[in-house]
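Note sheet for the following structure.
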Amino acid sequence: MIGAIMTGGASRRMGFNKAFIETDKATGETILSRTVSIFQDLFDETVIVTADASIYSKAGVPVLTDIYPDCGSLGGIFTALKNFPDSPLFIAACDMPHIDPTAIEAIITKARSSTDAIDAAVPYTDSRYHPLHAYYTQNATDKIEQLLKKRELRVQGFIDSAMVLKLVEADFGTIDIARSVANINTPEELENAGLTDR
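Residues 1 to 198 in this note's numbering are what the sequence shown lists, from first letter to last.
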C-alpha cells in the first residue's frame, strides 16, 4: 500500500511553509519529517505530492508533481492515485503535527472490511469530513479526474458525489481521531499546539 503526503498548500495564513514547522526543536524534526517516518513504517512506499518538487528534494522519498497544476488538494489526490494505479492509498496533509499511526491503521482496517465498493474512507469529526487523513481506492480516480476537468476543485464536491465510508469518532474507540486529524493553519493554532515556529 502507498502513503502519499500532500504538500501543495500555499500557507498564506502562516507566512511560511507549514511542512517545515518543527515538532521537536532538539532534533529538528518537522511535521513533514515526522509524517514521512510514520508512513515509512506503515506503507510499502511513501511519496510526497506537490506543485514544486525542488522544495522537497531532501525529504528522502520520491516527489510527485501535480498532473493538473493549480487544482489544490483534489489535484494532489488525483496525482497520487494516478501514479499508483494498482494500489489503494492513504493520503494525509503535511500540516498534521499529531497524526497517529493507530488512527491510520484503524481507517485502513475499516476500509478493507467494508463490503461496499467504496471510493474512500474518511474520518468525520467536528461536523466535517477530513479528506486529507483518509483512505482512497482506485475507484475514485476517474471520478476525481472528471471533477478536475470541469474545474470543480472542492474535495467536498468529490465526497458529496462519491461512495464514501464515513468514519465517526465512535468508530475509533479509544483512539483520539480528532487530535490525529488536527492541522495547523494559523500562528494561533501553532501556539495552541505547543509547537515552535521558525
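No residue lacks a Cβ here, since even glycine has one placed at the ideal position from N, Cα and C.
Since this is a predicted model, take the numbers as computed values, not measurements.
Beta-bridge pairing by DSSP links E45 to I2. According to the DSSP assignment, I77 belongs to the alpha helix (DSSP H) that extends over G72 to N83. The Cβ neighbour count for K18, taken over all protein chains shown within 10 Å, is at least 16; the residue is labelled buried. Note on geometry: alpha-carbon atoms of M6 and I91 lie some 7 Å from one another. Residue environment analysis places T115 among the exposed positions, since fewer than 16 neighbouring C-beta atoms fall within 10 angstroms of its C-beta.
A buried status is given to G3, since no fewer than 16 other beta-carbon atoms sit within 10 Å of its beta-carbon. DSSP lists no bridge partner for P88. The beta-bridge partner set that DSSP reports for A134 consists of I91. Counting C-beta pairs with one atom in each stretch, the segment 95-104 and the segment 158-166 have fewer than three that are closer than 8 Å, which means they do not touch. Contact annotation: P88 and Q40 have beta-carbon atoms that are not nearer than 8 Å.
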